[in-house]
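*Asks:* Take a look at this one; I'll ask things after.
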Amino acid sequence: MNEKPKHNLRTVARQFQISGKFMGAEPYGSGHINDTYCAVFNQGGTRVRYIFQRINHNIFKQPVALMENVQRVTAHLAGKVAGEADASRRVLALIPARSGGAFFRDDADNIWRAYIFIEAARSYDAVESPAQALSAAKAFGRFQKLLADLPAPRLNDTIPDFHHTPNRFAALEKAILNNVVNRAVLAQSEIRFALRHKDICSVLLDAILPERVTHNDTKFNNVLLDDATGDGICVIDLDTVMPGLALYDFGDMVRTTTSPAKEDERDLSKVTMQFPMFEALARGYLSTAGEFLTPAEKGLLAFSGKLITFEIGLRFLTDFLEGDKYFKVHREGHNLDRCRTQFKLVESIEEQEEEMNRLVESIDQPDATVNQLIETI
Ligand code: ADP
Ligand code: GN1
Ligand code: MG
């Protein structure tokens, strides 16, 4: 947030179909991958904000295919919510480039996109209440539900094998062996933790679960909560929307929405899986996604929280050992700090996993209710 803009946003902004006078732009948000800016325009005396993003093409190797996904997904969602109150705030809206497409390619081959800024809503880096967790989970479940009938063809894989945990584990093993920046010595207990948990990596893949259209990055700060109502008004950050497992999304909600601590908290005593948050997540998610989830998926909801938390921990640890090549870092040891919070959360989930499973089983899910009704007829 305090960094100076690295790009000339005035020049970028001129390439999009936005009227009025460009007043300025600032780096915005706390994402680890892309560069996000909030720009202000003066449109006939009114101050109007827009979001501009540079897609990190070192990570998203096919940004054009990615933008094709974003266009298809936002158009489909917009069709679904048309007519609802506040429809224009419920789905991200791309602003076309002056050249006509959905993005602008600059001289340095950067791909830029622009969105209408959704006002009177915001994202949070750390959850504050079960009500927020409920809202976020409802919104992400609804997102999956509305995309279940996305017409063919299959979406592009913007990062192949993104949630293939065994591959993520193999990448860590390689990073430990290569030890290119001699940091393994600093992460001995985290490496031991990872190795001890190797056997959980393939559980979701072995379970043979249905492929769905999923978000794949359902961090708590990737949903905007309405300032007035607290509802999850809009799911954002659509770069990783692609074919995946429903549980990748629920798992990442557990990872980012049950602990009160930020992802890079150094005081690990603050990192804990708070049961009321998990309960809110499970109830919220099942209220919108419960009708299409299979029993196998439901049975693995709690486990997915442990696995996805472990997986992202593996990725932070790998990046630490490789010299911080992937995630943006803002201090020394940042990726190791992030890894530590993930592994601490895995431990906390392990301690409560049975109780979490019992809770999920006890939730009266929509299809179960329907079945009961049918029996009484
Ligand atoms: P990143 O990939 O960097 O995480 P995001 O797409 O999540 O990028 O955007 C970063 C932040 O910018 C979000 O957490 C959110 O607060 C804000 N943001 C993104 N898009 C919008 C939008 N259309 N309207 C309002 N705020 C937005
Ligand atoms: C990255 O872009 P951002 O900050 O929402 C990452 C996610 C990780 C997350 C960890 C494309 O998400 O997979 O879970 O950091 N995105 C990509 O905070 O790798
Ligand atoms: Mg984000």
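This note's numbering applies: residue -4 is where the sequence shown begins, and numbers increase by one.
Just so it is clear, CB atoms sit at the ideal spot from N, CA and C, and this is done for glycine as well.
Given Gln48, which residues of its chain have a CB within under 6 Å of its CB, disregarding the five upstream and five downstream residues?
*Replies:* For Gln48, where only same-chain residues beyond five positions count, the Cβ hits under 6 Å are Asn29, Thr31 and Arg108.
*Asks:* Just the C-alpha distance for Ala121 and Glu258, rounded to the nearest angstrom, thanks.
*Replies:* Rounded to whole angstroms, Ala121 to Glu258 spans 8 Å at the Cα level.
*Asks:* According to DSSP, simplified to helix, strand and coil, what is Asn217?
*Replies:* Helix at Asn217.
*Asks:* Within this structure, are the beta carbons of Gly239 and Thr209 separated by less than 8 Å?
*Replies:* In contact: Gly239 and Thr209 (Cβ atoms closer than 8 Å).
*Asks:* Just to confirm the assignment, what range does the beta strand (DSSP E) spanning Gln12 have?
*Replies:* Element bounds for Gln12: n/a, residue is neither H nor E.
*Asks:* Is it the case that the CB of Gly26 approaches a heavy atom of the ligand MG more closely than 7 Å?
*Replies:* Checking the Cβ of Gly26 against the ligand MG gives yes.
*Asks:* Mind checking whether the beta-carbon of Lys320 lies closer than 7 Å to any heavy atom of the ligand GN1?
*Replies:* Checking the Cβ of Lys320 against the ligand GN1 gives no.
*Asks:* Given that a residue counts as buried once 16 or more other Cβ atoms are within 10 Å of its Cβ, and exposed if not, what is Pro125?
*Replies:* Per the 10 Å Cβ criterion, buried.
*Asks:* Assuming Lys133 is part of the alpha helix (DSSP H), what are its boundary residues?
*Replies:* Where Lys133 is concerned, the enclosing alpha helix (DSSP H) stretches over Pro125 to Leu142.
*Asks:* From the beta carbon of Val208, is the nearest beta carbon of chain B less than 8 Å away?
*Replies:* Of the chains in the structure shown, none is chain B; there is only one protein chain.
*Asks:* Out of Ser130, Thr6, Val341 and Leu233, point me to the one whose CA is closest to Gly225's CA.
*Replies:* For Gly225, the nearest C-alpha among the options comes from Ser130.
*Asks:* Roughly how many whole angstroms lie between the Cα atoms of Ile50 and Ser357?
*Replies:* Approximately 42 Å between the Cα atoms of the pair.
*Asks:* Does DSSP classify Met268 as helix, strand or coil?
*Replies:* Note: Met268 maps to coil in three-state DSSP.
*Asks:* Look at the alpha carbon of Arg353 and the alpha carbon of Ala297, and state the distance between them as a whole number of angstroms.
*Replies:* Cα-Cα distance, rounded: 10 Å.
*Asks:* Does DSSP put Leu190 in a helix, a strand or coil?
*Replies:* Looking at Leu190 - three-state DSSP - the assignment turns out to be helix.
*Asks:* For Ile344, count the other beta carbons within 10 Å of its own beta carbon; 16 or more makes it buried, fewer makes it exposed. Which is it?
*Replies:* Buried, because 16 or more other Cβ atoms sit within 10 Å of the Cβ of Ile344.
*Asks:* Nearer than 7 Å: is that true of the beta carbon of Leu72 relative to any heavy atom of the ligand ADP?
*Replies:* No, Cβ of Leu72 sits at least 7 Å from all heavy atoms of the ligand ADP.
*Asks:* What residue range is occupied by the uninterrupted alpha helix (DSSP H) comprising Tyr243?
*Replies:* Where Tyr243 is concerned, the enclosing alpha helix (DSSP H) stretches over Ala241 to Thr252.
*Asks:* Helix or strand or just coil, what does DSSP make of Ala378?
*Replies:* An answer regarding residue 378 cannot be provided, because it is not within the stretch -4 to 372 covered by the chain.
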